[in-house]
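Asker: Mapping to UniProt numbering: the sequence shown position 280 is 280, numbers consecutive. C-beta: ideal position from N, C-alpha, C; glycine also. Computed from a predicted structure; not experimentally measured. Attaching a single structure in structure tokens format; questions to follow.
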Amino acid sequence: MVVASPPPRINLCQRLTTTGRFPRPNFGAATSPPGVDVHYLDRGTITADRAYMIDSSTMATVADPDPEHALVECPVYNLLIDHPKGTVLWDTGSHPDAGDGYWPTPLFEAFHHEDADEHTLPAALADAGTAISDIDAVVASHLHLDHAGGLRHFAGTDTPIYVHERELGYAYRSAATDTGSIAYHSPDFDRALNWRVVAVDRGRRQLYPGLDLLHLPGHTPGLLGLYLEPEDGAAPAIVAGDEAYQRENYEDGVPMATSLLSSLADWRESRRRVRDLARRTTADVFCGHDTRDAARLAARF
Ligand SMILES: [Zn+2]
């Protein structure tokens, strides 16, 4: 990475007093252990048909031959995780020119991201008191264009970009052929990036102590979720990401539309594993594009 000295570690209590956003109140300044501090980064909102998120939610019947379609607002977020071992950026959001011709037109019409240019990655990081050059590692949950549009900021640096091996292969194949998914845009990821390939199959890999990556195939073959164990005894958090766009996907087992799945069988199995892990650890689970979960995340972090 192009940083001469390690980024300054931000003390939990300093962050508490400067931002006032940390919801857990019982740390005394003198006794607070060094810990993990997480910031929610607001990267704007995608507006799309609810039927993408909740499969078959607007099916016609004889009695109701023309059901009403609904547009859903889907938050796009990244997480900045200040860990004693390093500062991690979870996902990089959309390219600011998404609506200016950078995203293929059919995709932008279906997944309208009008405000991407108002929620850029550098601005979101600045709001959290940090900068691109302070990031020690990036985790790419997957390489769809609402998650990989900020990777360009790390091109030519030695900042490690963690990505699942099945994701990297699928992204390149999708971009180069008519197979796979149209939601990969090669200018996002076909760059001089310092990829660190995560090869665990449907398992768990520790990134730092208390910070694990979970392989959750289904939405894409290489989707990574996050398991975060705070040091203060609070419940762990599982960021399921796009394994579940909306709460209903996770809670009720209703999948996203087929066009948002690489494998329904994998999706179901990944959901079962997240639910098992959440039950065993009493973790809070956060979905990838759910307004309610984004609000809970922003409140918690
Ligand atoms: Zn997404």
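1) What does the shell around ligand 1 hold, if a residue joins when its beta-carbon is under 6 Å from any heavy atom?
2) Kindly confirm or deny that the segment 226 to 241 and the segment 186 to 200 touch, where touching means at least three C-beta pairs closer than 8 Å.
3) Return the chain-ordered list of same chain residues with a C-beta closer than 7 Å to the C-beta of G86, the five sequence neighbours on each side being excluded.
4) Report yes or no: do the segment 88 to 108 and the segment 49 to 60 share at least 3 C-beta pairs separated by less than 8 Å?
5) Beta-carbon separation of R247 and R292 under 8 Å?
6) Taking E165 as the reference, which of T177, I182, Y227, T220 has the closest Cα?
7) Within this structure, are the beta carbons of G149 and T105 separated by less than 8 Å?
8) Please report how far the alpha carbon of D146 lies from the alpha carbon of T61, in whole angstroms.
9) From the DSSP output, which residues share a beta bridge with P75?
10) Please report the distance separating the alpha-carbon of A131 from that of D66.
11) Taking the alpha carbon of H215 as the reference point, which residue from D190, V139, H95, T159 has its own alpha carbon closest?
12) Is it right to say S259 is buried, meaning 16 or more other beta carbons lie within 10 angstroms of its own, or is it exposed?
13) Residue range of the alpha helix (DSSP H) that P106 falls in?
14) With respect to the alpha helix (DSSP H) encompassing L125, which residues constitute its N-terminal and C-terminal limits?
15) Looking only at C-alpha atoms, which of G241, T120, A257, E269 sits nearest to D284?
16) Going by DSSP, name the residue or residues bridged to Y227.
17) Going by C-alpha distance, which of S270, Y227, A155, S181 is nearest D201?
18) Can you tell me which of the three DSSP states H39 falls into?
19) Using CA atoms only, rank isn't needed, just tell me which of D127, C74, D117, A110 is closest to Y40.
20) Since I believe Y227 is in contact with R204 (beta carbons under 8 Å), could you give me their beta-carbon distance rounded to a whole number of angstroms?
21) Between A237, R268, L143, L79, which has its C-alpha nearest Y250's C-alpha?
22) So, using beta-carbon positions, are F111 and I182 closer together than 8 Å?
23) Going by DSSP, which residues form a beta bridge with V285?
24) Ordered along the chain, which non-local residues of its own chain (more than five positions away) have a Cβ less than 8 Å from that of residue 302?
25) Which of the three DSSP states, helix, strand or coil, is assigned to G222?
Answerer: Answer, in terms of the structure:
1) Counting every residue whose Cβ lies closer than 6 Å to a heavy atom of ligand 1, we get H144, D146, H147, D242, G288, H289.
2) No contact exists between the segment 226 to 241 and the segment 186 to 200.
3) Cβ contact annotation for G86 (same chain, cutoff 7 Å, sequence separation greater than five): D136, A137, Y208, in chain order.
4) Cβ pair count under 8 Å is below three, so no.
5) Yes, Cβ-Cβ distance for R247 and R292 is below 8 Å.
6) It is T220.
7) Cβ atoms of G149 and T105: not closer than 8 Å.
8) Each residue's alpha carbon lies about 34 Å from the other.
9) Beta-bridge pairing links P75 to T45.
10) Looking at the two C-alpha atoms, the distance is approximately 49 Å.
11) For the options D190, V139, H95, T159, the alpha carbon positioned closest to that of H215 is the one of V139.
12) A residue is called buried when at least 16 other Cβ atoms come within 10 angstroms of its Cβ; S259 does not meet this threshold and is exposed.
13) The continuous alpha helix (DSSP H) containing P106 extends over residues 105 to 110.
14) 121 to 127 is the span of the alpha helix (DSSP H), which, as asked, contains L125.
15) Ranking G241, T120, A257, E269 by Cα distance to D284 puts G241 first.
16) For Y227, the pairing in a beta bridge is given by DSSP as D212, I238.
17) Ranked by Cα distance from D201, the options S270, Y227, A155, S181 are led by S270.
18) The three-state secondary structure of H39, taken from DSSP, is strand.
19) Restricting attention to D127, C74, D117, A110, the CA atom closest to the CA of Y40 is found in D127.
20) Rounded, the Cβ-Cβ distance is 7 Å, consistent with contact.
21) Distances from the CA of Y250 to each of A237, R268, L143, L79 were compared; the closest alpha carbon is that of R268.
22) In this structure, F111 keeps its C-beta atom at 8 Å or more from the C-beta atom of I182.
23) Within the DSSP bridge table, the entry for V285 names I238 as partners.
24) The structure shown has nothing for residue 302, since the chain only spans 1 to 301.
25) G222 falls in the coil class under three-state DSSP.
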